[in-house]
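Q: As they're listed, the protein sequences go chains A and B.
At position 15 of the first sequence the residue is numbered 15 (this note's numbering), and the sequence of numbers has no breaks.
At position 61 of the second sequence the residue is numbered 457 (this note's numbering), and the sequence of numbers has no breaks.
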Amino acid sequence: MSSEANVQAGAPAGVSDEQQVGGGQLLQWLAVIGLIYLLLVAVAMIGTGFKAAAGDQARELFAFASNPLTGVIVGTVATALIQSSSTVTSIIVGLVAGGLPVAIAIPMIMGANMGTTITNTIVSLGHVRQGEEFRRAFSAATVHDFFNLFSIFIFLPLEIMFGFLQRIGEYLASFLLGGGSMSVGGLNFIKPLVKPPVNALKDVFHGIGANDMVMGIAFIVLGIALIFVVITYIGKLLKRLMVGRAKAILHGAVGRGPVAGIFSGTAITVLVQSSSTTTSLVVPLAGSGVFSLRQIYPFTLGANIGTCITALLAATAVDGGNAIFALQIALVHFSYNVIGVVVIYGLPFTRNLPIYAAERLAGLAMKNKLYVAAYIGIVFFILPFVLIGVSQMMGW
Amino acid sequence: MSEFKSRREALEEKISDLEQTLAGLRNQLKAESEREQHEAIDRLEVYLGDLDNKHANLQDFWKILRDEIKELFSSRSDTTGKDT
């Protein structure tokens, strides 16, 4: 469009297309910054609210999830229902900031990884009428599910027995918070920025005579709602803003092998702040047959690593004595995903298990859609509730 | 002995030629599939747009699932009818 056309279209005279696009993008970037700020405020609100409502009773309040299996299931179902692991992990960081023990939060983080895989499975259903294309798309979606499922099977028992993730997170958090030049103490500028709106809200609640319990619950509810809205809008904006960069990263990874695939998956997920967007994007690429399942697979693993950035970001908003635990759980999330990729993808035998399982299931799903319904229903909803029931009955 | 040697050399030469041709074809195939991959990546905006169709995907899937279940039960009742 020329500048004459701009005038006709109502744009100020002398404003070129590039300037309009640049101005629009600037506004969108400002909106992203604003939304990230709101995300940090929301995490701080949950932490403050949980502390106010639960006091020293946080452990008792989450006693129902002290069974690790229940924790995994809570994380899985919550993430499957709201279809965003970033939202759930940010909420978990907020809860840890408010006093939720890290040991209880770790299985929830594992479950969040599993729950987020439902999104690309639903996206693959868009190919359901295309026979062979559906088989390829569905296997590309479920390879991520099976990887995360195997990851839980391997690392949850190890965590229960040795608490290795908790220790790694603890070590990294104390190193980062107290390690001299490597300290994230430099990020302390975030906390003073986040505190004023939280304190202002506190004053409002105290002003209307609300006690700590009421204020705490209101903070938790508002914080969760805010995180949900913020992550939805950040995702939408970043998808629009980062599509060019994502394309460049993908072009760069073509023909460069699995390690480049993992790095490109990580980079794109960091850019769009959503692993489900990244893993869903590759479903049509695999469905068309242009990319093979083996080429797609490392890319989806990179998404697991890239999604940790949100929890790490959320942890920077936490202050007080629990700041180290908030950082610890964010680093546990990161370590769990990195170790998962290194161990499961690094060993040839375990590397091929998710591919084998996804191909088998996709073959069955192509023949009869009941397998798809049974798979989604059982893995994401029925089995979790059955396991919760059984574990409660057994008093685990 | 020399005849055997020359036959052997001729065969080795043929194998080497074939291997070179094969490697060339493999490279061509790789280049062709990478070209297709680059073209597919260029359509990323379309795929991003499709991500918003999750509800429609589920509705369509539900229709197909319902039809398959109906078909399954009707074929079962047909078989039962024949048996009796």
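Yeah, the Cβ is synthetic: ideal placement off N, Cα and C, and Gly gets one too.
Looking at C-beta atoms only, is the number of pairs between the region 103-112 of chain A and the region 75-85 of chain A that lie closer than 8 angstroms three or more?
A: yes
Q: For alanine 141 (chain A), which three-state DSSP category applies?
A: Correct three-state label for alanine 141 (chain A): helix.
Q: Rounded to whole angstroms, how far is the Cβ of isoleucine 460 (chain B) from the Cβ of lysine 369 (chain A), which I believe are closer than 8 angstroms?
A: Going by Cβ atoms, the distance from isoleucine 460 (chain B) to lysine 369 (chain A) rounds to 5 angstroms, so yes, they are a contact pair.
Q: Identify, in the order they occur along the chain, each residue of the same chain with its Cβ nearer than 7 angstroms to the Cβ of threonine 70 (chain A), setting aside the five sequence neighbours on each side.
A: Phe64, Ile388 and Ser391, listed in sequence order.
Q: Nearest-angstrom Cα distance between threonine 48 (chain A) and glutamine 28 (chain A)?
A: 30 angstroms
Q: Could you spell out where the alpha helix (DSSP H) holding lysine 202 (chain A) opens and where it closes?
A: 190-207
Q: Please classify glutamine 416 (chain B): does DSSP put it in a helix, a strand, or coil?
A: helix
Q: Taking just the CA atoms, how far does threonine 89 (chain A) sit from glycine 265 (chain A)?
A: Looking at the two C-alpha atoms, the distance is approximately 19 angstroms.
Q: Please classify valine 254 (chain A): does DSSP put it in a helix, a strand, or coil?
A: coil
Q: Where do the N-terminal and C-terminal ends of the alpha helix (DSSP H) with valine 416 (chain A) fall, by residue?
A: The requested residue 416 (chain A) does not occur in the structure, where chain A is confined to residues 1 to 396.
Q: Confirm, please, whether the CB-CB distance from alanine 173 (chain A) to leucine 327 (chain A) is below 8 angstroms.
A: yes
Q: In three-state DSSP terms, what is asparagine 453 (chain B)?
A: helix
Q: Quick one: what does DSSP say glycine 180 (chain A) is sitting in, helix, strand or coil?
A: Residue placement at glycine 180 (chain A) is poorly supported in this model, since its pLDDT is 44, which falls under 50; the coordinates are not used for a value here.
Q: Does any C-beta atom of chain B lie closer than 8 angstroms to the C-beta of alanine 42 (chain A)?
A: no
Q: Using 8 angstroms for Cβ pairs, my map puts leucine 364 (chain A) next to tyrosine 356 (chain A). What's the rounded Cβ distance?
A: About 13 angstroms separates the two Cβ atoms, so there is no contact after all.
Q: Three-state secondary structure (DSSP) at asparagine 67 (chain A)?
A: coil
Q: Starting from the beta carbon of proline 284 (chain A), find every residue of chain B whose beta carbon is closer than 7 angstroms, and list them in chain order.
A: The contact set of proline 284 (chain A) on chain B, defined by CB atoms closer than 7 angstroms, consists of Tyr443 and Asp446 in chain order.
Q: What are the residues in the region 362-382 of chain A lying within 8 angstroms of chain B by C-beta distance?
A: Asn368, Lys369, Leu370, Val372 and Ala373
Q: Express the C-alpha separation of phenylalanine 50 (chain A) and aspartate 212 (chain A) in angstroms, rounding to a whole number.
A: The straight-line gap from Cα to Cα measures roughly 10 angstroms.
Q: Under a three-way DSSP split, which group does alanine 374 (chain A) fall into?
A: helix
Q: Please tell me whether serine 139 (chain A) has its Cβ less than 8 angstroms away from any Cβ of chain B.
A: no
Q: Could you list which residues in chain B have their beta carbon closer than 7 angstroms to that of glycine 290 (chain A), in chain order?
A: It is valine, not glycine, that sits at residue 290 (chain A) in the sequence shown. Chain B residues near valine 290 (chain A): Glu432, Gln433 and Ala436.
Q: Using a Cβ-Cβ distance under 8 angstroms, would glutamate 408 (chain B) count as near chain A?
A: False, the Cβ-Cβ gap to chain A never drops below 8 angstroms.
Q: Do valine 43 (chain A) and valine 93 (chain A) come within 8 angstroms of each other at the CB atom, strictly closer than that value?
A: yes
Q: Since arginine 129 (chain A) is in the alpha helix (DSSP H), which residue starts that stretch and which ends it?
A: Counting along the chain, arginine 129 (chain A) falls outside any alpha helix (DSSP H), and DSSP gives it neither H nor E.
Q: Check the Cβ of glutamate 464 (chain B) against every Cβ in chain A and list those closer than 7 angstroms, keeping chain order.
A: Asn368, Lys369 and Leu370
Q: Counting only the same chain and skipping the five closest in sequence on each side, list residues whose C-beta sits under 8 angstroms from that of isoleucine 324 (chain A).
A: Ala173, Ser174 and Leu177
Q: Using a C-beta to C-beta distance shorter than 8 angstroms, which residues of chain A count as neighbours of leucine 440 (chain B)?
A: Val243, Ala246, Lys247, Leu250 and Leu281
Q: Checking 8 angstroms against the spacing of the C-beta atoms, do asparagine 453 (chain B) and leucine 125 (chain A) come in under that value?
A: yes
Q: Indicate whether glycine 244 (chain A) and arginine 136 (chain A) have their beta-carbon atoms separated by less than 8 angstroms.
A: no
Q: Identify which residue in A:Gly257, A:Val341, A:Ala105 and A:Ala330 has its Cα closest to the Cα of serine 66 (chain A).
A: A:Ala105
Q: Span of the alpha helix (DSSP H) holding arginine 360 (chain A)?
A: 348-367
Q: Rounded to a whole number of angstroms, what is the C-alpha to C-alpha distance between glycine 98 (chain A) and phenylalanine 219 (chain A)?
A: 11 angstroms
Q: Would you report the Cα separation of glycine 261 (chain A) and glutamine 57 (chain A), rounded to the nearest angstrom?
A: 45 angstroms
Q: Under 8 angstroms, with one C-beta from each stretch per pair, do the region 403-421 of chain B and the region 157-171 of chain A reach the 3-pair mark?
A: no
Q: In or out: phenylalanine 349 (chain A) buried (at least 16 other Cβ within 10 Å) or exposed?
A: exposed
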